[in-house]
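Visitor: So for the sequence shown, our numbering puts the first residue at 27; every next one is plus one.
This is the structure I have questions about; it appears just below.
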Amino acid sequence: MSDAKPRTPSDLGAGGKKFFRDVVGTYDLDAHEVRVLTEAARTVDELDRVRKALEEAPSLVAKGSMGQAVEHPLLGSLRNHRATLQKLLATLALPDSEGGAPQSAAQRLSQRGHDGRWASQRDVRSRQQAADRLSRGAS
């Protein structure tokens, strides 16, 4: 990518602009990543609006079609927007705060399996070494 930082989209709200600028100020992104970041920033703004609307709501409980108590519809919207933001951020795959390389969800799952497999082998090896030390001490 060129040295020029992408421009902050004009349709973003305060939260989305801050998020966009923070990411662009930290990472060099290609055109595809800027598009994903823009959608993530818009989702941040949408989340802010949903949260504000929920704060202004008289209750988190609403009446359903048969008069029954149901959760406020904006709670579902909040969950959906959070899931969308999580997916967009996973797609963006920015490096972690320690500067490590980004990992896809499949890579993270594979790493956990690898770590678990080797951890169990380390446990077996430790028990074997402890048993060997005991048997040498007993002879």
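For glycine and all other residues, C-beta sits at the position ideal for the given N, C-alpha and C.
#1: Counting only the same chain and skipping the five closest in sequence on each side, list residues whose C-beta sits under 7 Å from that of Arg47.
#2: Which residues in the same chain have their Cβ closer than 8 Å to the Cβ of Pro99, if we skip the five residues on either side of it in sequence?
#3: Under a three-way DSSP split, which group does Lys89 fall into?
#4: Which class does Met27 belong to by DSSP, given the choice of helix, strand or coil?
#5: Counting pairs of Cβ atoms below 8 Å between the segment 68-80 and the segment 95-112, do you hit three or more?
#6: Residue range of the alpha helix (DSSP H) that Ala95 falls in?
#7: DSSP state of Asp37, grouped into three classes?
#8: Exposed or buried, which one is Glu82 when buried takes at least 16 other CB atoms within 10 Å?
#9: Under the rule that 16 or more other beta-carbon atoms within 10 Å means buried, what is Arg68, buried or exposed?
#10: Look at the alpha carbon of Arg159 and the alpha carbon of His58, and state the distance between them as a whole number of angstroms.
#11: Let me check understanding here. Comparing Cα to Cα, which of Gln94, Lys113 and Gly51 lies closest to Ala66?
Guide: On the basis of the data shown:
#1: Around Arg47: Thr34.
#2: Taking Pro99 as the centre and dropping the five residues before and after it, the same chain places the C-beta of Ala88 closer than 8 Å to its C-beta, in chain order.
#3: Strand, per DSSP.
#4: Because the pLDDT of Met27 is 45, which lies under 50, any placement of that residue in the model is unreliable, and the number read from its coordinates should be weighed accordingly. Note: Met27 maps to coil in three-state DSSP.
#5: Result yes; three or more Cβ-Cβ pairs closer than 8 Å.
#6: Unbroken run through Ala95 is the beta strand (DSSP E), Ala95 to Glu97; no alpha helix (DSSP H).
#7: Here Asp37 sits in coil by DSSP.
#8: The residue in question, Glu82, is exposed, as its Cβ has fewer than 16 Cβ neighbours within 10 Å.
#9: With a 10 Å radius around the Cβ and a threshold of 16 neighbouring Cβ atoms, Arg68 comes out buried.
#10: For the pair Arg159 and His58, the Cα-to-Cα distance works out to about 58 Å.
#11: For Ala66, the nearest C-alpha among the options comes from Lys113.
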